[in-house]
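Heads up, the thing below is written out as structure tokens.
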Amino acid sequence: MKTSTIFSIFASVFLSSISVVYAAEDVATASNVTDAIISNAEADGIDLFALDPAILNSALSEINSVYGQVEETAATERRRRSLGHLMGRQTPDRTDIIDVHTHAVPDWYKQMVPTTGGNPTPTWTIADHVTFMNNQGINKAIIAVSAPGAGVYPGQKGLTVALARFLNEQVAAYCRLYSGRLGFYAVVPLPYTQEAIAEARYAIQNLGAVGVVLLSNHETYYLGHPNFKPFFQALNGLGGRQIVYVHPNTPYVKSGSQLIEANPTTYPTGNIEFYFETARTLMDLTLTQTIHNFTNIHYVIPHVGGAFPAAIDRILKSAPAIYDSSLQIYSTRFWWDSAGPTYYHQVAGLLGYGIPKSQLLFGTDFPYAPIFTQAGSLAAVKASTLFTAAEKTAIFKGNAANLFGSKLP
137 MKTSTIFSIF
147 ASVFLSSISV
157 VYAAEDVATA
167 SNVTDAIISN
177 AEADGIDLFA
187 LDPAILNSAL
197 SEINSVYGQV
207 EETAATERRR
217 RSLGHLMGRQ
227 TPDRTDIIDV
237 HTHAVPDWYK
247 QMVPTTGGNP
257 TPTWTIADHV
267 TFMNNQGINK
277 AIIAVSAPGA
287 GVYPGQKGLT
297 VALARFLNEQ
307 VAAYCRLYSG
317 RLGFYAVVPL
327 PYTQEAIAEA
337 RYAIQNLGAV
347 GVVLLSNHET
357 YYLGHPNFKP
367 FFQALNGLGG
377 RQIVYVHPNT
387 PYVKSGSQLI
397 EANPTTYPTG
407 NIEFYFETAR
417 TLMDLTLTQT
427 IHNFTNIHYV
437 IPHVGGAFPA
447 AIDRILKSAP
457 AIYDSSLQIY
467 STRFWWDSAG
477 PTYYHQVAGL
487 LGYGIPKSQL
497 LFGTDFPYAP
507 IFTQAGSLAA
517 VKASTLFTAA
527 EKTAIFKGNA
537 ANLFGSKLP
């Protein structure tokens, strides 16, 4: 379908003029957002119109709507900061937290993915998210699309690639709306390696992504799979520190061309099996020496490692040649986030391996972790007897600042 025809179809969502982020430090003015998105996708050989027209229309409408709110939102943020100084007693006891594990759920994406990990996909808006941040004392957050990410259409490369691009354009728009507070990890269309390389480059170099989010498995392939080696090589080759945020996915097995969920229990996959998915993919990354071979890459590990810490010795004692080097990587290029009820007891297991407290980060898993769980998880970090006050401050903000550096919003 020609671009001129598309413009007539989507005229209702056009803006006459808008600023679009093309690179982390460069803002260019496009005639309209839709034109820019279509043109950039076409330049990368991506057919956005492979997606269902209803989804396409909804996504373009939401992206345009977000860009249309930039000026008004900037003014609101300035007022918020000003009032915060005047009414300090109404703010949380901390207002400087950096949340490295949190999610965006555009409404059009929720329509595609009504359940996640066996649970209903939460209703979410960017306004609700920022309200949550303000109420929790979170100053900055790095957001990502949760599982299944772009993997909504198993075995269909064109749809997967198109969806990855739309998700990145959408989340980049949210970050533009709150440019001083939000950054994002980019979705990539694995298992399609070359397309994933192209999308990672576009998102990092043109949209300003701070890193990429990789799922524990992509269509049954865990992250150490040989097919993914070119992706890690390309990411590593971008130079400087590159950040991979690992997020658990539903486990699958293949039967012919079909993917069958491989949760052997009656419990929701997201409640329990996600922890084991994290362990599986970290084991794979370690035993294939992917983490050893590409040394520019740092990893944000969810839920202080899920089930992985309990299995580290069992895994590495079977590969003694990489025992010490693996623990060294876990202590220097792995960064372990707190998302979930992990600081009641679980974090002690990770510290038992001598992982420095300087590698610990704070995460909320909002909105997938419900509001009613958030206060307890935050309080558990604040009340933990395992950490000094200075170490807690580092968990809340200092360690993330060390990891992301100038990539932070």
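Each residue of the sequence shown is one higher than the one before, counting from 137 in our numbering. The beta carbon of each residue, even a glycine, is placed where N, CA and C say it ideally should be.
When the alpha-carbon of P438 is set against those of A263, F412, T424, the nearest one is in F412. If you ignore the 5 residues before and after Q482, its C-beta comes within less than 7 angstroms of the C-beta of V440, all in its own chain and listed in chain order.
With 16 or more neighbouring CB atoms inside 10 Å of its own CB, N353 falls in the buried class. Remark: C-beta atoms of N535 and L487 do not approach each other more closely than 8 angstroms.
Using a Cβ distance threshold of 8 angstroms, F498 and F470 do not count as a contacting pair. Ranked by how close their Cα comes to the Cα of L452, the residues T422, T431, D180, A443 have T422 in first place. DSSP places Q394 outside any alpha helix (DSSP H); the residue lies instead in the beta strand (DSSP E), whose first and last residues are 394 to 397. Close CB contacts of G406 within its chain, under the 7 angstroms cut and outside five residues either way in sequence, are with T252, G253, G254, N255 (chain order).
For N168, the three-state secondary structure derived from DSSP is coil. Secondary structure remark: continuous alpha helix (DSSP H) runs of at least 4 residues inside the stretch 419 to 470, in chain order: 426 to 429, 444 to 452, 459 to 466.
R317 has its alpha-carbon roughly 28 angstroms from the corresponding atom of F368. Per DSSP, K365 has no beta bridge partner at all. Under DSSP, I199 shares a beta bridge with no residue.
Beta-bridge annotation (DSSP): A280 is paired with H239.
The straight-line gap separating the alpha-carbon atoms of K493 and A516 is approximately 16 angstroms. In the three-state reduction of the DSSP assignment, L184 falls in the helix class, which pools H, G and I. If the five residues before and after G360 are omitted, its C-beta is found closer than 6 angstroms to the C-beta atoms of D420, L421, T424, T426, all from its own chain and listed in chain order.
Residue pairing by DSSP places D229 opposite no residue, since no beta bridge is assigned to it. Its Cα nearest to that of A475, the residue G512 stands out among E213, I173, G512.
Annotation: A286 is outside any alpha helix (DSSP H) and is labelled neither H nor E by DSSP.
Bounds of any alpha helix (DSSP H) do not take in H383; it lies within the beta strand (DSSP E) bounded by 378 to 383.
It is roughly 34 angstroms from the alpha-carbon of L295 to the alpha-carbon of I234.
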